[in-house]
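Taking it in order: structure first as structure tokens, then the write-up.
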Amino acid sequence: MTAFPYTLTEAQFIAAQRLHVSLRSRGQKLLRGLTLLLGVAVVAGSLYEHTYWLLLAGLIAIFAPWLSWTFSTLPRLLQTYRSSPALQQSNCIALRDGQLCTGTDQAESTLPWSHIIQWAENEHSLLLYLQPQLFIIVPKNSDALPDFFSALREQLQAQVGPPVA
């Protein structure tokens, strides 16, 4: 049995949400890239033509993702974490006899591999998706057992498939 107990911190919750947001579709990534390119073109054109009012529009297009994250998304995520006791409780995820078990102080259950539709990871988090917008956050921190994540990753690749990029 390989188990990993953890309590999700605010910073880990935000890091997991960043990973989730980064997993956009190709269309969304293309649209973001085109918006950035358009913003740069508008800024360059406004500097060349000395139409500084267009400069503002170009800068807004360039910095729109950052502005949206900083002034809209991040405050909502912080409020969600702070107002959700379930996000702040002790959790445990374990591999027992090839089964994935999740639990808290109040309950424990076996999660069938077929319920995980995809998974993703980066250096901070591993996300187990049960639905496109519903996922279990498993934070990677200095206390994490490297053998646990290796075993979990191996099972995920065998049971679910490769991680989404």
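My numbering applies: residue 8 is where the sequence shown begins, and numbers increase by one. Backbone N, C-alpha and C fix where the C-beta goes; we use that ideal spot for every residue, glycine too. All values derive from a computational prediction rather than experimental measurement.
- Straight-line measurement puts the Cα of Leu74 at about 18 Å from the Cα of Val49.
- Residue ranges of uninterrupted beta strand (DSSP E) with 3 or more members are absent from the stretch 27-72; none lies entirely inside it.
- In the structure shown, Gln125 adopts extended strand secondary structure according to DSSP, grouped into three states.
- Ranked by how close their Cα comes to the Cα of Ser97, the residues Ala114, Asp104, Arg83 have Ala114 in first place.
- For Gln138, the enclosing beta strand (DSSP E) has its first and last residue at 132-138.
- For Leu163, the uninterrupted alpha helix (DSSP H) run begins and ends at 153-166, by DSSP.
- Nearest Cα to Leu81 within the set Gln106, Ala158, Ala22: Ala22.
- For Ile67 and Gln35, the gap between their C-alpha atoms comes out near 18 Å.
- Ser75 carries a helical assignment under DSSP once its states are collapsed to helix, strand and coil.
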